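Participant: Here the numbering used here is used: the first residue of the first sequence is 9, the next is one more, and so on. Idealized CB from N, CA, C, for every residue including glycine. This structure is a prediction, so every number in the text was calculated from the model and none was measured.
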Amino acid sequence: MELPEVEVMRRDLERDVVGKKIKDVEVKGSKNAMRVIRRHKTRKDFAAGLAGHKVMKTERRGKYVLLSLDGGEVWVVHFGMSGRFTRANGRIALAPHTHVIVTFQQGGDLRFVDPRSFGEMFVASTDELGKVKELQHIAIDPLDQVFTWPTFQYLLAQRATKMKQLMMDQKFISGLGNIYSDEVLFAAGIRYDRMSDSLSSQEVRRLYRAIQEILQDAIKARGTTLEDEAYLDLFGKPGEYQNELKVYGREGLPCRRCRTPIRTVKVQQRTSYFCPQCQS
DNA sequence: GTTTAACCCTGCACGC
DNA sequence: TGCGTGCAGGGTTAAA
């Protein structure tokens, strides 16, 4: 799940979960359920941080969602590749790989389902939060006010890395993953292996604009759900942005702009899609 | 500093 | 049909 999907999930939670009081927390007995709450030594320790508290607000930092609770604790969630929240109630059977079930005083529950268990969640006080390494490493958020194009240009020039991996580096810019980094580079006409310190001002501006437009459009379309329906929103609905993808998943198909077949290359063990004609 | 590979986990498509 | 392989929206770590 990348920034748009995380943001859609956050907005759903903001609308549906804020104001609700947590009555009960259940962490399943599987090894993977323990993996999901890996920062906590015991189920009890995790559950104690949530039970009895009301969800006050939500925010997003990169690919993390933070739910603030009354009493000052923060519930931090990262979805990994296959994690998601789903709203349900006691009458609905548990989906496979449900690891955590949070029941609300007002009725209904919130379930964390994650087949691959790369996701994680923990509860921390506001003080502790400042010491969490992963959160400290979160870099500039592309939808934040402070993400301006001169700043972006400066940051790019500071590094000497290939663009694809830099766009996916959460310590450089937080929120893009394999899909959206390909889409953004295509939109800007920049190839995966261009060096970050070689971009012209014009290219930086194009890339900057592409990042903002594509992420905003993807949020409007409620995210990307590939055919295996791995990503679903809080209410189990797929997104629509897969219909807008220009290069991702289109190996061998004609480029939508110039008809040249889309090619792939391995970057950091991930498949990267690009148009050999439109990107240079 | 940057790059590479292995690893964490399950499910699915594909080729033999 | 069954089985092995490789791949999937994430990230970390160690070593080169």
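Within a Cβ cutoff of 7 Å, which residues of the same chain sit near R213, ignoring the five residues on either side of it in sequence?
Facilitator: Indexing the first sequence from 1 puts residue 213 at position 205. Closer than 7 Å at the Cβ level, and outside the excluded window around R213, lie W157.
Participant: Below 8 Å on the Cβ atoms is my guess for S189 versus M176; work out the distance and round it to an integer in Å.
Facilitator: Translated into positions along the first sequence, residue 189 becomes position 181. Translated into positions along the first sequence, residue 176 becomes position 168. Going by Cβ atoms, the distance from S189 to M176 rounds to 5 Å, so yes, they are a contact pair.
Participant: So the alpha helix (DSSP H) T134 belongs to, where does it begin and stop?
Facilitator: What you label residue 134 is simply residue 126 of the first sequence in a count that begins at 1. From DSSP, the alpha helix (DSSP H) with T134 extends over T134 to L137.
Participant: Going residue by residue through the stretch 107-167, where are the continuous beta strand (DSSP E) segments of at least 3 residues, counting only ones entirely within it?
Facilitator: For the stretch 107-167, whole beta strand (DSSP E) runs of length 3 or above, ordered along the chain, are 117-121 and 128-133.
Participant: Going by DSSP, what residue range makes up the beta strand (DSSP E) through E67?
Facilitator: As a first step, residue 67 must be located in the first sequence, where it is residue number 59. Run containing E67: V63 to R69, per the beta strand (DSSP E) assignment.
Participant: For D78, which residues in the same chain have their Cβ closer than 6 Å to its Cβ, ignoring the five residues on either side in sequence?
Facilitator: By 1-based counting over the first sequence, the position of residue 78 is 70. Counting only Cβ-Cβ distances below 6 Å, and skipping sequence neighbours, we find H61, K62 and M64.
Participant: With DSSP as the reference, identify every bridge partner of D32, one or two as the case may be.
Facilitator: Stepping through the first sequence from its first residue, residue 32 is reached at position 24. Paired residue(s): T111.
Participant: What would DSSP say about P12, mapped onto helix, strand or coil?
Facilitator: In the first sequence, residue 12 corresponds to position 4, counting from 1. DSSP places P12 in helix when its eight states are reduced to three.
Participant: The beta strand (DSSP E) spanning S76 covers which residue range?
Facilitator: By one-based count along the first sequence, residue 76 stands at place 68. Looking at the DSSP string, the run of the beta strand (DSSP E) that includes S76 is Y72 to L77.
Participant: How should Q287 be labelled, buried or exposed, when 16 other C-beta atoms within 10 angstroms of its C-beta is the threshold for buried?
Facilitator: The residue you call residue 287 lines up with position 279 of the first sequence. By the 10 Å Cβ count, Q287 comes out buried.
Participant: Please list the terminal residues of the continuous alpha helix (DSSP H) segment that includes Y239.
Facilitator: On the first sequence, residue 239 is found 231 positions in, with the first residue counted as 1. Looking at the DSSP string, Y239 is not in any alpha helix (DSSP H), and its letter there is neither H nor E.
Participant: Pick helix, strand or coil for E252, following the three-state DSSP scheme.
Facilitator: Here residue 252 corresponds to residue number 244 of the first sequence, with the count starting at 1. In the structure shown, E252 sits in a helix (DSSP, three-state: H, G or I).
Participant: When you compare the stretch 253-262 with the stretch 161-176, are there three or more beta-carbon pairs, one atom per stretch, that lie closer than 8 Å?
Facilitator: Short answer: they don't touch.
Participant: Comparing C-alpha positions only, which one of Q210, V108 and E237 sits nearest to K39?
Facilitator: Locating residue 39 in the first sequence gives position 31, where the first residue counts as 1. With distances taken between Cα atoms, K39 lies closest to V108.
Participant: Looking at R95: is its Cβ nearer than 8 Å to the Cβ of G80?
Facilitator: The count along the first sequence starts at 1 and reaches residue 95 at position 87. The count along the first sequence starts at 1 and reaches residue 80 at position 72. Not a contact, by the Cβ cut-off of 8 Å.
Participant: Find the nearest neighbour of C283 within the set V16, E67, I198 and E248, judged by alpha-carbon distance.
Facilitator: The residue labelled residue 283 in the question sits at position 275 within the first sequence. Comparing Cα-Cα distances from C283 to each of V16, E67, I198 and E248, the minimum goes to I198.
Participant: Is the beta carbon of I128 less than 8 Å from the beta carbon of V44?
Facilitator: What you label residue 128 is simply residue 120 of the first sequence in a count that begins at 1. What you label residue 44 is simply residue 36 of the first sequence in a count that begins at 1. As written in the sequence, residue 128 is Glu, which differs from the Ile given in the question. Yes, the Cβ-Cβ distance between E128 and V44 is below 8 Å.
Participant: Could you tell me if E221 is buried or exposed, where buried requires 16 or more neighbouring beta carbons within 10 angstroms of its beta carbon?
Facilitator: As a working note, residue 221 is residue 213 in the first sequence. E221 is exposed by the Cβ-count criterion.
Participant: Just the Cα atoms here: how many angstroms apart are A55 and V110?
Facilitator: Reading the first sequence from its first residue, position 47 is the one you call residue 55. Reading the first sequence from its first residue, position 102 is the one you call residue 110. A55 and V110: Cα-Cα distance of roughly 9 Å.
Participant: Mapping the DSSP letters down to three states, classify S38 as helix, strand or coil.
Facilitator: On the first sequence, position 30 is the one that residue 38 refers to. Looking at S38 - three-state DSSP - the assignment turns out to be coil, as it is neither helix nor strand.
Participant: For the alpha helix (DSSP H) holding E191, just list the boundary residues, first then last.
Facilitator: Locating residue 191 in the first sequence gives position 183, where the first residue counts as 1. Per DSSP, E191 belongs to the alpha helix (DSSP H) from N186 to A196.
Participant: Quick one: is H145 buried, meaning 16 or more other Cβ sit within 10 Å of its Cβ, or exposed?
Facilitator: Taking the first residue of the first sequence as 1, we reach residue 145 at position 137. Exposed, because fewer than 16 other Cβ atoms sit within 10 Å of the Cβ of H145.
Participant: With E211 as the anchor, note down where its alpha helix (DSSP H) starts and where it stops.
Facilitator: Translated into the one-based positions of the first sequence, residue 211 becomes position 203. That run of the alpha helix (DSSP H) goes S209 to K228.
Participant: Quick check on the burial criterion: 16 or more other C-beta atoms within 10 angstroms. Buried or exposed for S182?
Facilitator: Residue 182 sits at position 174 when you count from the first residue of the first sequence. With 16 or more other Cβ atoms within 10 Å, it is buried.
Participant: For the beta strand (DSSP E) holding F54, just list the boundary residues, first then last.
Facilitator: Reading the first sequence from its first residue, position 46 is the one you call residue 54. From DSSP, F54 is part of no beta strand (DSSP E) but of the alpha helix (DSSP H) over R51 to L58.
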